[in-house]
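Using our numbering, the first residue of the sequence shown is number 479, and each one after it goes up by one.
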Amino acid sequence: MSHVLVLDAGGTISSRADARGVLGGGQGLALEAPDREVRLSLVQVHSGLSDELSLADAAAIVHAAQAAAADGADDLTGIVVAHGTDTMEETAFLADLVWTSPLPLVFTGAQRAPAHPESDGARNLADAVALAASPAARDRGVLLAFGGRVMPARHAVKAHTSELAGFADRQGEAGSSGDILARLRRLQDRPAALPELRLDPSVEILAASLGSGGGLIDAAAAQGARGLVLQALGRGNASPAVVAAVGRACAADLVVLVASRCPFGQVAPDYASGARLAEAGAIFSDDLGASQARILLSALLGLEASGEAAAARIRAWLAL
479 MSHVLVLDAG GTISSRADAR GVLGGGQGLA LEAPDREVRL SLVQVHSGLS
529 DELSLADAAA IVHAAQAAAA DGADDLTGIV VAHGTDTMEE TAFLADLVWT
579 SPLPLVFTGA QRAPAHPESD GARNLADAVA LAASPAARDR GVLLAFGGRV
629 MPARHAVKAH TSELAGFADR QGEAGSSGDI LARLRRLQDR PAALPELRLD
679 PSVEILAASL GSGGGLIDAA AAQGARGLVL QALGRGNASP AVVAAVGRAC
729 AADLVVLVAS RCPFGQVAPD YASGARLAEA GAIFSDDLGA SQARILLSAL
779 LGLEASGEAA AARIRAWLAL
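Printed below as a string of structure tokens:
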């Protein structure tokens with residue numbers, strides 16, 4: 479019999495409404511095995527909603543999964559994390575940065591609360607448990623199962639605020655579990671796992687739009703930020719004022735990662751402003767969304783004393 483550990487990290491999937499009808503955390507997850515061939519165990523690691531999580535809280539969830547995998551229980555087949563959807567993409571990607579176990583680690587959640595007549599939590603949890611129990615999911619890194627689809631943590635993004643199929647794959651690779659597992663790289667083919675999680679919280683995401691100025695970038699540098707993610711236009715473009723401010727930030731040893739405000743695709747310095755960002759020292763985050771770029775930057779700044787050293791590690795990670 480397969481054994482799947484479920485880590486209850488709160489969120490809509492275990493939420494309840496107060497007297498006003500406002501959802502909050504604290505109910506706890508209800509478990510039901512999808513079939514008689516899977517034994518489930520449950521550990522609660524967070525009881526609130528995912529918008530309340532800090533970087534330290536996200537790291538604690540990841541550490542709980544790592545500890546369970548390292549515990550060496552002979553019958554443990556896989557691990558599921560039931561997580562709030564608002565920040566699931568960040569915690570799942572954080573886990574992927576350090577995951578070395580061959581055991582499947584699958585994130586899931588819900589868009590509708592348990593009391594809602596169209597609640598999706600039980601179905602998503604059953605799908606995630608079935609995936610975690612599947613031998614085909616071993617050695618595939620961290621996955622996200624949601625709304626009948628499976629996708630790698632590296633590319634997962636919450637793409638709709640309330641629809642049941644709320645998550646999408648930035649590279650368009652999501653699909654049924656069989657299809658996506660056949661296409662995923664094996665664990666050993668992915669970038670080397672980080673040795674530990676020491677997250678630097680002084681990393682923010684700043685969005686560029688039509689005619690944006692550079693004042694917020696200058697302010698972030700003045701307030702002690704060590705890293706910034708620029709959520710840029712299109713392929714990684716920005717106004718002249720933003721480009722100039724990024725240049726000042728890079729000269730002050732801040733690490734600037736460039737992502738796109740577009741929900742799908744990759745960034746590259748193909749256009750004039752993007753080329754100027756690269757010349758100023760900004761790093762293009764390839765296929766990472768802004769949320770994943772921030773997690774990567776926070777994790778690598780936490781391992782390095784200087785921005786220059788962290789930037790070198792980021793370039794090497796992105797090159798793999």
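Backbone N, C-alpha and C fix where the C-beta goes; we use that ideal spot for every residue, glycine too.
All of these numbers come straight from a predicted model, not from anything done at the bench.
Label residue i either buried or exposed according to how many other C-beta atoms from any shown protein chain fall within 10 Å of its C-beta, with 16 as the threshold for buried.
i	result
Gln770	buried
Glu674	exposed
Leu798	exposed
Gln701	exposed
Ala670	exposed
Gly767	buried
Ala573	buried
Asp486	buried
His638	exposed
Gln666	exposed
Pro630	buried
Met479	exposed
Pro582	buried
Glu757	exposed
Leu684	buried
Ser654	exposed
Ser532	exposed
Glu641	exposed
Asp657	exposed
Leu688	exposed
Arg664	exposed
Asp452	For the chain, the structure presents residues 479 to 798; residue 452 sits outside this window and is missing.
Glu568	buried
Val628	buried
Gly650	exposed
Ala497	exposed
How many Å lie between residue i and residue j at the Cα?
i	j	result
Ala679	Gly693	Reading the sequence as shown, one finds Pro at residue 679 and not Ala. One C-alpha to the other measures close to 21 Å.
Val559	Asp617	17 Å
Ser579	Gly619	8 Å
Gly503	Glu530	10 Å
Leu677	Ile773	8 Å
Gln505	Pro592	10 Å
Gln822	Ala753	Since the displayed the chain opens at 479 and closes at 798, residue 822 lies outside it and no answer follows.
Ala783	Val516	46 Å
Gln744	His524	33 Å
Asp535	Glu786	28 Å
Ser612	Ala788	37 Å
Ala615	Leu659	7 Å
Ser717	Asp764	20 Å
Leu796	Ala790	10 Å
His805	Leu527	There is no way to answer for residue 805, as the model of the chain reaches only from 479 to 798.
Ala722	Leu662	39 Å
Cys728	Asp696	11 Å
Leu554	Val484	11 Å
Leu622	Ala606	8 Å
Ala547	Arg793	29 Å
Gly762	Ala746	The question names Gly, but residue 762 is Phe in the sequence shown. Roughly 6 Å between the two C-alpha positions.
Arg610	Gly587	Going by the sequence as given, residue 610 is Ala instead of Arg. Straight-line Cα distance between these residues: approximately 14 Å.
Val724	Leu778	19 Å
Ala608	Leu672	28 Å
Glu596	Arg590	7 Å
Leu800	Arg601	Past the boundaries of the shown model lies residue 800; the chain is included only from 479 to 798, so the question cannot be answered.
Ala686	Asp549	45 Å
Leu781	Ala537	14 Å
His633	Ala570	10 Å
Could you have a look at residue i and say whether DSSP puts it in helix, strand or coil?
i	result
Glu641	coil
Ala560	strand
Ser801	Only positions 479 to 798 of the chain appear in the structure, and residue 801 is not among them; the question remains open.
Leu575	helix
Ala495	strand
Ser519	strand
Gly599	helix
Glu682	strand
Asp605	helix
Pro630	strand
Ser528	helix
Ala672	In the sequence as presented, Ala is not what sits at residue 672; that position holds Leu. Coil, per DSSP.
Thr565	coil
Gln746	Note on identity: in this sequence residue 746 is Ala, with Gln being the wrong assignment. Residue state, collapsed to three classes: coil.
Please check the pair residue i and residue j, which I expect to be a contact at CB under 8 Å, by giving their CB distance rounded to whole angstroms.
i	j	result
Gly712	Cys740	7 Å
Val482	Leu507	At roughly 13 Å, the Cβ-Cβ gap does not stay under 8 Å, so Val482 and Leu507 are not in contact.
Thr563	Gly625	Their Cβ separation, rounded to whole angstroms, is 10 Å, which puts Thr563 and Gly625 out of contact at 8 Å.
Ile491	Gly599	4 Å
Val681	Leu575	About 14 Å separates the two Cβ atoms, so there is no contact after all.
Ala730	Ala698	So it is not a contact: roughly 11 Å between Cβ atoms.
Would you check if the segment 704-718 and the segment 732-750 touch, i.e. whether three or more CB-CB distances between them fall below 8 Å? yes
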